[in-house]
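**Q**
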Amino acid sequence: MSDAPLDGLKAKVATAELGPEAEEIGTVTHIADGLADISGLPDAQFGEILIFDTGARGFVQMLDTESVKAAFLDPMTGVEAGSVVRRSGQLLSVPVGKGLLGRVVDPLGRPLDGLGPIVAEAMMETERPAPEIIERDFVAEPVETGILVVDALFAVGRGQRELIIGERQTGKTSIAIDAIVNQKRSDIISVYVAIGQRSTAVRRVIEAVREKGAFERTIFVVAPATAEPGLRWLAPFAATTMAEWVRDSGGHALIVYDDLTKHAAVHRELALLSRQPPGREAYPGDIFYLHSRLLERSAKLSKEKGSGSLTALPIAEIEAGNLSAYIPTNLISIADGQIVTSAALFAGNQRPAVDIGLSVSRVGGKAQWGALKAVSGRVRLDYAQYLEMKMFSRFGGFGDAAMKARLARGERIGALLTQPRFEPLSTPAQVALLAALDAGGLDTIEPGQIAAVKQALEPLIAAEPRLAAFRESPAKLDDELRAVLVACVKSAVGRITGGAT
Ligand SMILES: Nc1ncnc2c1ncn2[C@@H]1O[C@H](COP(=O)(O)OP(=O)(O)OP(=O)(O)O)[C@@H](O)[C@H]1O
Ligand SMILES: [Mg+2]
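Converting from the sequence shown to the numbering used here requires adding 4 to each position, the first position being numbered 1.
1. Beta-carbon distances below 5 Å to any heavy atom of ligand 1 define the shell here; list its residues in chain order, please.
2. Hey, would you say residue 108 sits closer than 8 Å to residue 31, going by beta carbons?
3. If you check the beta carbons only, do residue 496 and residue 461 fall under 8 Å apart?
4. In angstroms with no decimal places, state the Cα-to-Cα distance between residue 456 and residue 500.
5. My output table needs one value for residue 253: the three-state DSSP class, helix, strand or coil.
6. Can you find the residues in the same chain that come closer than 6 Å, C-beta to C-beta, to residue 231, ignoring five residues on each side of it along the sequence?
7. Skipping 5 residues on each side, what residues in its chain have a beta carbon closer than 8 Å to that of residue 386?
8. Would you check if the segment 85–104 and the segment 128–141 touch, i.e. whether three or more CB-CB distances between them fall below 8 Å?
9. Have a look at residue 46 and residue 282 and give me their C-alpha separation to the nearest angstrom.
10. Are the beta-carbon atoms of residue 298 and residue 271 separated by less than 8 Å?
11. Is residue 262 near ligand 2, with its Cβ less than 7 Å from a heavy atom?
12. Rounded to whole angstroms, how far is the Cβ of residue 285 from the Cβ of residue 330, which I believe are closer than 8 Å?
13. Can you tell me where the alpha helix (DSSP H) with residue 223 in it begins and where it stops?
14. Please identify the residue among 12, 365 and 120 whose C-alpha is closest to the C-alpha of residue 160.
15. Where does residue 65 sit, in a helix, a strand or coil, going by DSSP?
16. Mind listing, in chain order, the continuous beta strand (DSSP E) runs of no fewer than 3 residues lying wholly within the segment 98–139?
17. Exposed or buried, what is residue 454 when buried is set at 16 or more other beta-carbons lying within 10 Å of its beta-carbon?
18. Could you pull out every residue in the same chain whose Cβ sits closer than 6 Å to the Cβ of residue 44, ignoring the five residues on either side in sequence?
19. What residue range is occupied by the uninterrupted beta strand (DSSP E) comprising residue 315?
20. Can you tell me which residues form a DSSP beta bridge with residue 449?
21. For residue 267, count neighbouring Cβ atoms within 10 angstroms of its own Cβ and tell me buried if that reaches 16, exposed if not.
22. Whether or not the segment 333–353 and the segment 150–167 are in contact is what I'm after, with contact meaning three or more pairs of Cβ atoms, one per stretch, closer than 8 Å; do they touch?
23. At what residues does the beta strand (DSSP E) containing residue 89 begin and finish?
Spelled out as structure tokens, the structure:
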């Protein structure tokens, strides 16, 4: 028998270092409001996870000359001045992969839904560089939201950042949720990240998505108002990393940040607590950089990089219609366009309450389906003119027929742009409605009946054999297709009005 195994062990024992392992240990010097000052960790890195003696975790949020500041990711109960803190040597990272689909997690990827551990394909850092310019491609394919006013007038392309901005309770979240729900038939994976929201509001969103059938294609990252500021701060970065995994594996992802105004507020909170110099509206000077760094990670990747995409719908809240406050102007200038919701329109029962005049999509036009583009060109202008005319016509005295016709047309556009929640319209149906509008096919029906026409239309289009190719790819619209689509709308109108047309 050979002694070889024993010899090996002997050699190991002989060379074993019995001295203590080098470990950097810091001490909490001050603690309050979810933030700890720690001395004795000169080598700690920005974003590194630290472990307190209670087991609670935090991350390095600011490096100072003498100390570091750490934001808590767990409740800080039990940690006090004098408590010991250890470095983990690990930067903030989250689980990524298919295992997150249909799950509700916190910004560290810990399950909040009681459905057991997340099966991760990998761990990825939450702070990742945005793709370089040469790694990108042009935004050229649409994200179909199913919301006519968005798809027709403010189309969103894959890789675009389109801000949804408006006052409180004007339907901002609803627009984003409709867009997520509409992906149940697409190849897009959605990520919804709730930052500083009331837990009940988040629960409503999750339930809505579950009920409407896109749950298995969606990841929910939740840091409610009651979560530690560190978690709320981390949430959008963590969620972006999860979405980037989809993008980088050649897939398509859509991320909704609900909302970045609250994220800006928590960034300000942490900055003020760690005594960074306050700038405009008391926000620290790096808030613009923080959010542009975040939103730059949304991109359409080049062929060499696998052609994946990440589209962002950041949400922002404004007060009293003031789009020129600090955070809104920052976000507007970072994003590729904005969908503005208005309290006045919402109060006037225009749903979604999108302000046509203030909204814009700067790159989406190139990504819009060709057929939709062909029929939506004049709608915005016609509607804007109608709104103005309507104001004047209230004074009376506008009796000529041409004017009446334009008012009637405008009313019908208004009815087309009105859409209840969770009633998405397919792109072929949107094209059909706008083509019919253009051909006068809706002039004979009362605006109040248009909602019913929309509902009757979808099955007619789905059953029309001549539209088989068009349903797959509504890229082009020739006269023949246009006629078929208009005929579908006419028969839908006929059903609603009892065959009178
Ligand atoms: N298209 C719509 N049709 C009918 N109701 C709608 C529509 N859009 C929104 N609502 C209703 O309006 C209310 C506010 O919507 P939502 O929560 O989306 O607004 P918000 O701007 O995100 O609000 P908050 O400022 O509280 O976040 C909800 O009760 C919602 O059901
Ligand atoms: Mg909301």
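Every residue gets a Cβ at the ideal spot worked out from N, C-alpha and C, and that includes glycine.
**A** Looking at the atomic coordinates:
1. 172, 173, 174, 175, 176, 177, 178, 355, 356, 424 and 425
2. Along the sequence shown, read from residue 1 onward, the residue named residue 108 stands at position 104. Along the sequence shown, read from residue 1 onward, the residue named residue 31 stands at position 27. No, Cβ-Cβ distance for residue 108 and residue 31 is not below 8 Å.
3. Stepping through the sequence shown from its first residue, residue 496 is reached at position 492. Stepping through the sequence shown from its first residue, residue 461 is reached at position 457. Cβ atoms of residue 496 and residue 461: closer than 8 Å.
4. Position 452 of the sequence shown holds residue 456. Position 496 of the sequence shown holds residue 500. When rounded, the distance between both Cα atoms is 7 Å.
5. The residue given as residue 253 occupies position 249 in the sequence shown. Looking at residue 253 - three-state DSSP - the assignment turns out to be coil, as it is neither helix nor strand.
6. As a first step, residue 231 must be located in the sequence shown, where it is residue number 227. Nothing meets the Cβ criterion.
7. One-based indexing of the sequence shown puts residue 386 at position 382. So the qualifying residues of the chain are 410, 413, 414 and 417.
8. yes
9. Residue 46 sits at position 42 when you count from the first residue of the sequence shown. Residue 282 sits at position 278 when you count from the first residue of the sequence shown. The alpha-carbon atoms of residue 46 and residue 282 are separated by roughly 25 Å.
10. Working through the sequence shown from its first residue, we reach residue 298 at position 294. Working through the sequence shown from its first residue, we reach residue 271 at position 267. Not closer than 8 Å, so no.
11. Mapped onto the sequence shown, residue 262 falls at position 258. Yes, Cβ of residue 262 sits closer than 7 Å to a heavy atom of ligand 2.
12. Here residue 285 refers to the residue found at position 281 when the sequence shown is read from its first residue. Here residue 330 refers to the residue found at position 326 when the sequence shown is read from its first residue. Contact holds; Cβ gap of about 5 Å.
13. Locating residue 223 in the sequence shown gives position 219, counting from the first residue. Counting along the chain, residue 223 falls outside any alpha helix (DSSP H), though it belongs to the beta strand (DSSP E) covering 222–227.
14. Position 156 of the sequence shown, counting from 1, holds the residue named residue 160. That would be 365, whose Cα lies nearest to the Cα of residue 160.
15. Along the sequence shown, read from residue 1 onward, the residue named residue 65 stands at position 61. Residue 65: strand per DSSP, three-state reduction.
16. 126–129
17. Indexing the sequence shown from 1 puts residue 454 at position 450. Label assigned to residue 454: buried.
18. Taking the first residue of the sequence shown as position 1, residue 44 is located at position 40. The residues are 30 and 31.
19. Against the sequence shown, residue 315 aligns to sequence position 311. Run containing residue 315: 313–321, per the beta strand (DSSP E) assignment.
20. As a first step, residue 449 must be located in the sequence shown, where it is residue number 445. Looking at the DSSP assignment, residue 449 forms no beta bridge with any residue, so it has no partner.
21. Residue numbering aside, residue 267 sits at position 263 when the sequence shown is read from its first letter. Counting Cβ neighbours within 10 Å, residue 267 comes out buried, since at least 16 surround it.
22. yes
23. On the sequence shown, position 85 is the one that residue 89 refers to. Note, residue 89: beta strand (DSSP E), 88–95.
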